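As structure tokens, the structure follows; a few thoughts come after it.
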Amino acid sequence: MKQAFNGKLPVNEGNKVAYEYCQSCHVHRNLSPDDHVINISKKYPSESFKRAKECRTCHYIKENFWGDVTRKTQYPYMVGDKGG
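According to my numbering, the sequence shown holds residues 34 to 117 in order.
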């Protein structure tokens, strides 16, 4: 999982790992990965986010000292129109 979110895997493999991780949560169990990337990326003001092909462009994880992992998202309102 860490490798996927750190860009250490090929894009398709990294996205697959990220999708499976996100779908393990009850909130995201019905997530349709392809639709999500296509539809959600359009909502971002930044061209770099609109062209995103990797989950890790908008999503990332944070790990604390004890190894607890928290999922994080850069939402469209958090991203300026000049980049990301």
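Virtual Cβ for every residue (Gly too), placed ideally from N, Cα, C. Fair warning: this is a prediction, and the values are worked out from it, not measured in the lab.
Where residue i sits in the DSSP three-state scheme
i	result
TYR77	coil
TYR108	coil
PHE98	coil
LYS83	helix
ASP68	helix
LYS35	helix
LYS49	helix
CYS55	helix
Residue environment, residue i, which counts as buried when at least 16 other CB atoms sit within 10 Å
i	result
PHE98	exposed
GLY113	exposed
LYS90	For clarity, residue 90 is Thr in the given sequence; the question names Lys instead. Burial call: buried.
GLY47	buried
TYR52	buried
CYS58	exposed
TYR108	exposed
Residue i - partner residues in DSSP beta bridges
i	result
TYR93	LYS105
Cα-Cα separation, residue i to residue j
i	j	result
HIS61	CYS55	6 Å
ILE94	VAL102	6 Å
LEU64	SER81	23 Å
GLU96	VAL50	17 Å
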